[in-house]
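Just so we're aligned: the sequence shown equals residues 1316 to 1735 in my numbering. Below is one structure, written out as structure tokens, with a few remarks after it.
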Amino acid sequence: MARYEQQRVLTAQMAAVVGVDAGKFAHAVVVQRPDGSRAPPVMVPTTRAGFEAGLVTLQQLTGQAPAPRVLIAIEFAGYYGFTFAHFLRAHGYPVVSVLPAHTKRFKDVVHGQPLKSDPKDAQTVAELATQGFYVAFPFLAPPYARLRYLVSGRERLSLQRRSLINRVRSLLQVVWPEYEQIFLHLTKRTPFALLAAFPGPQAFLAASRSRVMTVLRTASRGHHGDDTYTRLRTAAEQTLGLPGAQATLALELELLLAQYRLYEQQIDRLEAAMVEALRPLPEALCLQSIPLVAPVTAAVFLGSIGDPRAYHSAHEILRVAGLSLVTRQSGRLKGRTRVSKRGRPVLRQHAYMFAVRSIRVGGLFRAEYERLLAHGKATTKKKAVVAVSRSGLKLLWSIARDQRLFTPDPPERRRTLVPA
């Protein structure tokens, strides 16, 4: 809904607008009436009794107005406010979200300084919502909500795993700096298996050749052999690693690798749960009929957007992913068009990787990728991949929305429905 339409709905239908600044232990609530007057701020504790008492106070401050005519606008801070939003929605109140970036800029403009207090923030939220500056809050059905939580949990573990890998790289610069020159891709199975068995050059030199070769050949499935062993032994004998750091940091390296294995197991468990959560959703089978769309990609897509039929166009999906195009222009200055990146990073990342898989020779979007480069519509390969990412998201949404199996022909000419 456009902002002017939101304003029209507020003016014509809403008896009051309620601004909520969500907090960990209490929510600040301010009621603003159509004439611009505001009731004194109220603090609602984040307990069942607090919510019940807050509901009674809210009804009193709004003059016992019917719940559908009272708009609840919440500025969310992480997960704070989610339970309050669902509680109010269960009692019939429409709930929307005011973005923190908007409240920050609004305070700078109106007050001349970024004032910070919970009642003041709630007042700002109410004022912005009255002017139509809000977005819909995605109340997900339980199957989509479960996917959303699983996707978020997997992403948090992935970030922690990435941070751990960076710590391993830092330790290697002190313990065994030559190691990464032999194994350029440290996260592969073989280099991690060797480090777990021999955490440092001293441990490597102390081990017998037969033991090292067993670990090397088993982890690499026969791809590494005598040549790799010779290079590793030479690097261990001539290492620039600090002698005093070998024992202590090698122990820390061993512990980090154990944590890495734990992260891998936990991510595998979450991915298995994501696959299981996909089963009751009719869109899952449709999405996985698209070439190179794995269950994890389908789970990330549905967990990020929720019900595909809740969106009116593919442009809304691109905005959710942060793949919408923006241009900075002022006077004679016209900046380059770029993606906004204001959306869900996980969805954007998986859309990009889906595009990378799909532009290979014989891939689904190979022809489009070559056409973008040949006609100069994308000056670099990366820009072409981003353009393909947008096309891929549009395809995923149309398939999920229509609940149809993928077919190379357009759906109006050949429509294959999911069997009942």
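Note that CB positions come from ideal geometry on N, CA and C, so glycine has one too.
The continuous stretches of beta strand (DSSP E) do not include Glu1493, and DSSP gives it neither H nor E. Taking 8 Å as the cut-off, the Cβ atoms of Phe1507 and Tyr1395 do not count as close.
When DSSP states are grouped into helix, strand and coil, Ser1523 belongs to the coil group. Per DSSP, the unbroken beta strand (DSSP E) holding Ser1412 starts and ends at Val1410 to Ser1412. CA-to-CA, the gap between Ala1562 and Val1335 works out to about 55 Å. DSSP lists Val1344 as the beta-bridge partner residues of Val1357. The region 1537 to 1544 makes no contact with the region 1481 to 1490; the number of CB pairs closer than 8 Å stays below 3. Spatial neighbours of Ala1565 in its own chain (CB-CB distance under 7 Å, excluding positions within 5 residues in sequence) are listed in chain order as Val1490, Pro1514, Gly1515 and Ala1518.
The region 1436 to 1447 makes contact with the region 1403 to 1414; the number of CB pairs closer than 8 Å reaches 3 or more. Between Arg1686 and Leu1633, the C-beta spacing is not below 8 Å. Scanning its chain for C-beta atoms nearer than 8 Å, with the 5 sequence neighbours on each side dropped, one finds around Leu1479 the residues Leu1571, Gln1574, Tyr1575 and Tyr1578, in chain order.
Assigned with DSSP and collapsed to three states, Leu1679 falls in coil, not helix or strand.
The beta carbon of Leu1593 sits closer than 7 Å to those of Ala1599, Pro1610, Ala1613 and Ala1614, all from its chain and outside the five residues before and after it, given in chain order. A direct Cα-Cα distance of roughly 30 Å separates Gly1468 from Lys1698. Around Leu1688, the same chain offers Ala1699 as residues with beta carbons nearer than 6 Å, after the five sequence neighbours per side are excluded. Taking C-beta separations shorter than 7 Å and ignoring five residues to either side along the sequence, the partners of Ile1714 in its chain run Cys1601, Leu1602, Ile1605 and Phe1721, following chain order. DSSP, read as helix, strand or coil, puts Tyr1575 in helix.
Secondary structure note for Ile1714: its alpha helix (DSSP H) is the uninterrupted segment Lys1696 to Asp1717. The Cβ atoms of Ala1670 and Phe1680 sit closer than 8 Å to each other. DSSP, reduced to helix, strand and coil, places Asp1350 outside both helices and strands of the structure shown, so it counts as coil. Pro1434 is positioned such that its CB atom lies no closer than 8 Å to that of Val1333. One thing to note: Leu1708 has its Cβ within 8 Å of the Cβ of Leu1638. According to DSSP, Ile1387 shares a beta bridge with Val1333 and Val1410. Non-local beta-carbon contacts of Val1635 in its own chain, meaning distances under 7 Å to residues more than five positions away in sequence, involve Ser1619, Ile1620, Gly1658, Arg1659 and Leu1662 in chain order. With respect to Val1703, Ser1673 sits close: the two C-beta atoms are nearer than 8 Å. With a cutoff of 8 Å on beta-carbon distance, Pro1409 and Ile1387 are scored as near each other. The residues Leu1455, Ala1456 and Tyr1459, in chain order, have a CB closer than 8 Å to that of Asp1622 in the same chain once the five nearest residues on each side in sequence are set aside.
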